[in-house]
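Participant: Dumping the structure here so I can ask a few things about it.
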Amino acid sequence: MKIGILGSGMVGKVLSKGFLGLGYEVMTGSRNPSKLEQWHKEMNNPKLSVGTFAETASFGGVVVLATHGTATVDVLNQSGKENFTGKTVIDVTNPLDFSTGKPVFAAALGNSLGEQIQNAIPEAKVVKAFNIVNCNIMINAKMQEGQPDMFIAGNDKDAKDWVGKLALDWGWNSCIDLGGIEESYWLETFAMLWIKFGAANNHWTHAFKLLKK
Ligand SMILES: NC(=O)c1ccc[n+]([C@@H]2O[C@H](COP(=O)([O-])OP(=O)(O)OC[C@H]3O[C@@H](n4cnc5c(N)ncnc54)[C@H](OP(=O)(O)O)[C@@H]3O)[C@@H](O)[C@H]2O)c1
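The sequence shown begins at -12 in my numbering and counts up by one.
As structure tokens, then:
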């Protein structure tokens, strides 16, 4: 399986490493792939390539969305929507507006970013996942205090099963399926809880675990 990762930021780079670590072939994408050249050289891995958003979406059998939240629907247009047809699309984005300097939640119940993405590429199997932690934890979830749980949402069971297995490969205790893509709203607000705790405690390596009695 080839993985196309749309996003040249910290998350795109870390996830690229995470997939390479599992032996996948990866293409990492940007509007301007030349900005990834230096990083590509430093990574020095024959299984890694860089490309435009369209080249990357076309390359991936699975495509990951790691782009600026409020630009992500535009990125789908720039990538060629036909390049997502029938594919599992892992959405790690959060709908955050940074125009005031602080992250402000920019989605609504019934119109989460996950739903906007699924509506924009209806032939794709979008799974909202990994958006509730810092990217370094996404790919290495084993912590001193134990292994946290990942929470996901999406309409396609097989796509969610694939992402669930990926989460276990990256050290998560379990992957909890919240239901259809409309449940993305709760994952996106969950990310705000993660940010609130981080800002209040200046601590950015936390994650959540579900405990039952
Ligand atoms: N940072 C974390 O640990 C973390 C954790 C959980 C979720 N997330 C989410 O992951 C996503 C990526 O975060 P990040 O910090 O790596 O990077 P980011 O700065 O939020 O996004 C960078 C990517 O977005 C693209 N982009 C920005 N504005 C654009 C526009 N107007 N049109 C098209 N593309 C645009 C950039 O394209 P170019 O390549 O062309 O510059 C780049 O590929 C975000 O949605 C974020 O909320 C982040």
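Ideal Cβ positions, reconstructed from N, Cα and C, are used throughout, including at glycine. Quantities reported herein were computed from a predicted structural model and do not represent experimental measurements.
1) Which whole runs of the alpha helix (DSSP H) in the segment 28 to 81 are 4 residues long or more, in chain order?
2) What is the rounded straight-line gap between the Cα of Ser86 and the Cα of Trp173?
3) Kindly list the residues whose CB is nearer than 7 angstroms to the CB of Asp143, restricted to its own chain and excluding five residues on each side of it in sequence; keep chain order.
4) Mapping the DSSP letters down to three states, classify Thr15 as helix, strand or coil.
5) When DSSP labels each residue in this structure, what does Ile168 get in the three-state scheme?
6) My output table needs one value for Asn123: the three-state DSSP class, helix, strand or coil.
7) Note the first and the last residue of the continuous beta strand (DSSP E) segment covering Lys129.
8) Any heavy atom of ligand 1 closer than 6 angstroms to the Cβ of Asp136?
9) Is the segment 176 to 190 touching the segment 47 to 63, taking contact as three or more C-beta pairs under 8 angstroms?
10) Taking 6 angstroms as the cut-off, is the CB of Asp84 close to at least one heavy atom of ligand 1?
11) How big is the Cα-Cα spacing for Leu35 and Ala116?
12) Just the Cα atoms here: how many angstroms apart are Gly97 and Ala107?
13) Report the option in Leu9, Met14 and Gly38 whose CA atom is closest to the CA atom of Ala154.
14) Select from Ala95, Trp157 and Glu170 the residue whose C-alpha is nearest the C-alpha of Lys4.
15) Can you grab the Cα-Cα spacing for the pair Phe6 / Ile104, in whole Å?
Facilitator: In this structure, then:
1) 40 to 46 and 59 to 66
2) The count along the sequence shown starts at 1 and reaches residue 86 at position 99. The count along the sequence shown starts at 1 and reaches residue 173 at position 186. Taking the straight line from one Cα to the other gives about 23 angstroms.
3) Here residue 143 refers to the residue found at position 156 when the sequence shown is read from its first residue. Taken in chain order, the residues that qualify are Lys112.
4) As a working mapping, residue 15 is identified with position 28 in the sequence shown. Three-state result, Thr15: strand.
5) As a first step, residue 168 is located in the sequence shown; it is residue number 181 there, counting from the start. Helix.
6) Position 136 of the sequence shown, counted from the start, is the residue given in the question as residue 123. Correct three-state label for Asn123: helix.
7) One-based indexing of the sequence shown puts residue 129 at position 142. Note, Lys129: premise wrong, no beta strand (DSSP E); not H, not E.
8) By 1-based counting over the sequence shown, the position of residue 136 is 149. Answer for Asp136: no, Cβ out of range of ligand 1.
9) no
10) One-based indexing of the sequence shown puts residue 84 at position 97. No, the Cβ of Asp84 stays beyond 6 angstroms of every heavy atom of ligand 1.
11) Start at 1 with the first residue of the sequence shown, and residue 35 comes out as number 48. Start at 1 with the first residue of the sequence shown, and residue 116 comes out as number 129. Roughly 23 angstroms between the two C-alpha positions.
12) Position 110 of the sequence shown, counting from 1, holds the residue named residue 97. Position 120 of the sequence shown, counting from 1, holds the residue named residue 107. Whole-angstrom Cα-Cα distance: 15 angstroms.
13) Position 167 of the sequence shown holds residue 154. Nearest option by C-alpha distance: Leu9.
14) Taking the first residue of the sequence shown as 1, we reach residue 4 at position 17. Cα-wise, what sits closest to Lys4 is Trp157.
15) Translated into positions along the sequence shown, residue 6 becomes position 19. Translated into positions along the sequence shown, residue 104 becomes position 117. Their Cα atoms are separated by approximately 22 angstroms.
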